[in-house]
Amino acid sequence: MLTKLALAGVKNRRRDYLVLLAGLTMSAAIFYMFANLATNQAFIKANAVVKSASLVFGFGAVLLALITVVYIMYANSFLLSMRQHDYGLFMMLGAKRRRIGQLVVLETLILGAGATVVGIGLGILVSRFLVSFLLDLLGLHLAHLTAIYLPAMLFTAVLYIGLFILASLFNLMHLMRTTVQKLLHADQMAVQPKRHPGRQLLGGLVGVIFLAIGYWAMAAITDLKVTAIPVALVTITLGTYLLFHSTVLAIIAGLRRTSWAKKHLNGFLLGQLNFRVHDYTRMLTIVSLLFALALGAITVGSGYHRQMPMVADSLGTYAVAVHNPNHHQRQLMKQLHVAHQDTYTQKVRGKTTYYNAAELKRHPVEQLKSEQQTTHPHFTTQSLAKFKQDGLTRLDFLMLSPTKLGDFATPKLLSPQAFQRLKGKTYTVTTIRVKHLAADLSTLKQLDHSEQRRFPQHTAALTIGTYQSYMMLNGIFGGLEFIGYFLGIAFLAMLASCLMFKILSGAPGDARRYAMLNKDGVRRSLMRHSLAKEIGILFAIPGIMGVIDVLFGLQMFKPLMAKPMSPYLGIGGTFAIFLALYGLYYLMTLGLYLNLVLPKKSRHD
Amino acid sequence: MTTPIVDVHDLEKTYGKAGERPYTALQNLNFTVAPGEFVGIMGASGSGKTTLLNMLSTLDTPTKGQVVVNGHDVTQMRGNQLSDFRAQEVGFIFQDFNLLESLTAEENIGLPLALTGTPSKVMDQAIHEVATTLSIEDLLKKYPAQLSGGQKQRVAAARAIVHRPALLMGDEPTGALDSTSARELLDLLTTINREQQMSVLLVTHDPFSASFCQRILFIKDGQIGSELTRGELSRQDFYQQVLNALGTFSE
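In the order they appear, the protein sequences are chains A and B.
For the first sequence, this note's numbering begins at 385 and goes up steadily by one.
For the second sequence, this note's numbering begins at 1303 and goes up steadily by one.
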């Protein structure tokens, strides 16, 4: 009978349970997606440019596990707050505590197991979609990457089920120890935080010091090696929490004393924030960390994505060199955005490739102006005499030989007459430099393939043209690029579910408060504005903190994005897109919240 | 004759969607409240008391008829007019206090003034005046959770009158109070009614509360069944009269 009653209670709060289940499922799915990469040793080894990559994953997993613990704690307290009134009522009507305890444990475990199973399933689906989508989009090929990976499934299941067992025990203890009275009236209690100005100031200072240590540790990653990461994680988490804890309360208290607080609903807004600040500081800390992780990962990923072609652009004087272009190749060449194009006649005899000096004089071979690496290369040409001494042996020019350095001697320049007389196989070679590699990648790929089919390369170790340089960079950094995007999206989803979950869990209480305001004659527009501000503040604080974290955190990637790459290059665009997405997400959450919280229109309101 | 503060004319409220069997909560209801009058509305549960109060306070729409409060026909109001009417023309005291637990007593009381954009100095003065009237000066910095039921209701009463509305409405305001607190609150309402000439409309099913009124309207099955006027009677005698009336009325 009691079970039936409990089930009826669940049915009545379907929407709340759906929110809860959806949040937990999301969290499990994201954890699986992460574990899928982190526990896949073969994948990590194949893509580990730097030895620390697997360690980074290790710390990432620990961090995500910690976030998950806090997340489940939230979810659990939400569950408990939903249920304790019902359970208190059952006890008041004479149900035995033991029986209620069983029900609580059962309910928590069923919910947890359901969320875990569905979450892993969702994680597999999303992984499959995201992996193929990202690889396609980024033009990467990564080995050992699968959506279904058993160790990751086990890892996720063990962690989640374990946490839910703990949560159910916690709930059991809570219900066994709390008096029926308290259970019945728990939702009417209001805890007003006490303020200790001295302690708060100290807390704020310590917070700033912790943050400074964390930022320094990330910048000093070359000296600190692997220790930089745990140091930064711990100090930044603590620092952010302490900073929020001291400043948010102080700012609210300060604002409450101003006359601004006495206008319209401002006082109510501040009261609301103050009322929830204890809950909120923890949540805001986590969200700001997730924000920073998501933005940071995506910035690094897109940094590689944008900068690899730019770097490759500066690695040579031509993107591709095509010998004896056939019709198909000529068509392809027409599609390119050509910056510079030259065609030379070659004759090969024995190991030596001969060129017509007159042709080279008419069309001097382009040279990179300086060897210094930059993403804005300059090109220059040399006089024929100088070219004979210097340019002739430059790698870019040597590679033009149709034998592709199979068995070669230094190329020679001949006078037009001598070149005419020389017996040997004649070729033409067309070199093309494009404006930006990034714009012509697919055409260049086809050209490169057909050239390699017709004139095979003897060694893959040397790259001919900047397109091949780009492919080589892709091989080295592509894994990191992929990981950056993948984790960025995963963290963003986690952030979204965390924020939405926390905000939505406050909806029932807010619905009651806004119903009161409605009765007191507050205009709907005023209520809407107040809600928009409240949720806006909850979005803005972690956003600002997250951006600051990332600006400092990118220091960590300086060794991984050595010159001419830089983790800071062109981050404006990435930030703008990310913030626009975040803004969009804010609007969605607000819409949902307005729907849940604002009193239904009574009549033509 | 002065213009009544409340004029209800031919009011009807029917619930039920199209196709369902309709349920008529109020039918052909007529009454007026004069300025400065203290009127009680009594009736058993389900007699339509709360429905009537919701119509008067614009929280619900009548099916038919007219409700004029302080010269405004509330049935013709739309959108912001409705909320502004609630914020400016009337004050409410609810059975469950309706205090915002995230605000201090002072901030709760100041809310109606904040909504109209009153300067903070004027607001502080008004809050302290009303707090003195209701003897709650030392409660102002406290949060609702720190107050007893009686204290909460006095704070709620302060909020209801701080903006000097033309009409104060109470929906079973003593319903959740112990007898001492209830008596204190009713005495306060009487004082406010007398000293500030504020009209009071009290909805209750409790004869003791009703005995504080000058006139009582009995609602039965959605209509005014009978009416009782206190005249020169003492409160105790009027209480007896109310009890007697209830005895015959319910038969």
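Heads up, the beta-carbon is just placed ideally off N, CA and C, and yes, glycines get one too.
Does DSSP classify residue 847 of chain A as helix, strand or coil?
-> Three-state result, residue 847 of chain A: coil.
- Task: Might you give, ordered along the chain, the residues of its own chain that have their beta carbon closer than 7 Å to the beta carbon of residue 792 of chain A, omitting 5 neighbours on each side?
- Result: Closer than 7 Å at Cβ, skipping near neighbours: 735 and 785.
Cross-chain neighbours of residue 1414 of chain B in chain A, by beta carbon under 9 Å:
904 and 905
* Between the beta-carbon of residue 499 of chain A and the beta-carbon of residue 405 of chain A, is there less than 8 Å? -> yes
Note to self: DSSP has residue 814 of chain A in a bridge; who is on the other side?
What the structure shows: A:706 and A:727
If we define contact as Cβ-Cβ less than 8 Å, is residue 1433 of chain B a contact residue for chain A?
no
Requested in this report: Please go through the region 610-664 of chain A and give each complete beta strand (DSSP E) segment of 3 or more residues, from N-terminal end onward.
Outcome: none
Taking the Cβ atom as the reference point for each residue, do residue 702 of chain A and residue 936 of chain A lie within a distance shorter than 8 Å? Cβ distance not < 8 Å, so residue 702 of chain A and residue 936 of chain A don't count as in contact.
Which residues DSSP lists as bridging residue 911 of chain A, in chain order:
BP columns for residue 911 of chain A are empty, so no partner.
Is it true that the CB of residue 622 of chain A sits closer than 8 Å to the CB of residue 873 of chain A?
-> no
Quiz item: Between which two residues does the alpha helix (DSSP H) containing residue 606 of chain A stretch?
Solution: 605-608
Cα-Cα separation, residue 813 of chain A to residue 739 of chain A:
11 Å
Selected residue, minimal CA-CA separation from residue 1402 of chain B, among B:1467, B:1440, B:1360 and B:1446
Ranked by Cα distance from residue 1402 of chain B, the first of B:1467, B:1440, B:1360 and B:1446 is B:1446.
Exercise. Note down the Cα distance separating residue 746 of chain A from residue 769 of chain A, rounded to an integer number of angstroms.
Key: 13 Å
Practice problem: Return no unless some Cβ of chain A is closer than 8 Å to the Cβ of residue 1548 of chain B. | Solution: Chain A, which has no Cβ nearer than 8 Å to the Cβ of residue 1548 of chain B, makes this no.
Helix, strand or coil: which one does DSSP assign to residue 988 of chain A? Annotation note: pLDDT 43 at residue 988 of chain A (below 50); position unreliable, no value reported.
Check: At a Cβ threshold of 8 Å, is residue 1386 of chain B touching chain A?
Finding: yes
* Starting from residue 900 of chain A, find everything on chain B with Cβ-Cβ shorter than 9 Å and list it in chain order. => Ordered by position in chain B, the residues that pass the 9 Å Cβ test against residue 900 of chain A are 1396, 1400, 1401 and 1402.
Item checked: Contact check, residue 966 of chain A vs residue 905 of chain A, beta carbons under 8 Å -> no
### Query
Sorry if obvious, but does the Cβ on residue 596 of chain A come closer than 7 Å to a heavy atom of the ligand PLP?
The ligand PLP is absent from the structure shown, which contains no ligand whatsoever.
Next on the checklist: Between which residues of its own chain and residue 427 of chain A is the CB-CB distance below 6 Å, once the five residues before and five after are set aside?
Outcome noted: 528 and 529, listed in sequence order.
(Q) Which of the three DSSP states is assigned to residue 1555 of chain B in this structure? (A) Nothing about residue 1555 of chain B can be reported from this structure: the residues present for chain B run from 1303 to 1553 only.
Next item on the list: Any chance you could list the alpha helix (DSSP H) runs of at least 4 consecutive residues sitting entirely within the region 874-903 of chain A, in chain order?
Entry: The region 874-903 of chain A contains these whole alpha helix (DSSP H) runs: 891-903.
**Report entry** Integer-rounded CB distance, given that residue 544 of chain A should sit under 8 Å from residue 412 of chain A
**Finding:** 6 Å
Out of A:592, A:932, A:464 and A:653, which one is the CA nearest neighbour of residue 918 of chain A?
Of the candidates A:592, A:932, A:464 and A:653, the one whose C-alpha sits nearest the C-alpha of residue 918 of chain A is A:653.
Note to self: Is it buried or exposed, residue 1323 of chain B, if we count other Cβ atoms within 10 angstroms and call 16 or more buried?
What the structure shows: exposed
Open item on the list: If we define contact as Cβ-Cβ less than 8 Å, is residue 609 of chain A a contact residue for chain B?
Closed with: no
### Buried/exposed call for residue 1400 of chain B, threshold 16 Cβ in 10 Å
buried
Query raised in the report: For residue 656 of chain A, which residues in chain B fall below 9 Å Cβ to Cβ?
Result: 1402, 1404 and 1405
Contact belief for residue 536 of chain A with residue 419 of chain A at Cβ below 8 Å, rounded distance in angstroms: Beta-carbon to beta-carbon, residue 536 of chain A and residue 419 of chain A are separated by about 4 Å, close enough to satisfy the 8 Å threshold.
query = Within the 8 Å Cβ cut-off, does residue 647 of chain A reach chain B?
reply = Answer yes: the Cβ-Cβ gap between residue 647 of chain A and chain B drops below 8 Å somewhere.
Q) In chain A, which residues lie less than 8 Å from residue 1419 of chain B when you measure between Cβ atoms? A) 647 and 648
Query raised in the report: Are there three or more Cβ pairs, one per stretch, closer than 8 Å when the region 954-968 of chain A is compared with the region 697-714 of chain A?
Result: no
Exercise. Among residues of its own chain, excluding the 5 on either side of residue 799 of chain A, which ones have a beta-carbon nearer than 7 Å to its beta-carbon?
Worked result: 741
Exercise. Exposed or buried, what is residue 581 of chain A when buried is set at 16 or more other beta-carbons lying within 10 Å of its beta-carbon?
Worked result: When all chains shown are included, residue 581 of chain A counts as exposed.
TODO: Quick one: which unbroken beta strand (DSSP E) runs of 3-plus residues sit fully inside the region 1433-1511 of chain B? Chain order, please.
DONE: 1469-1473 and 1501-1506
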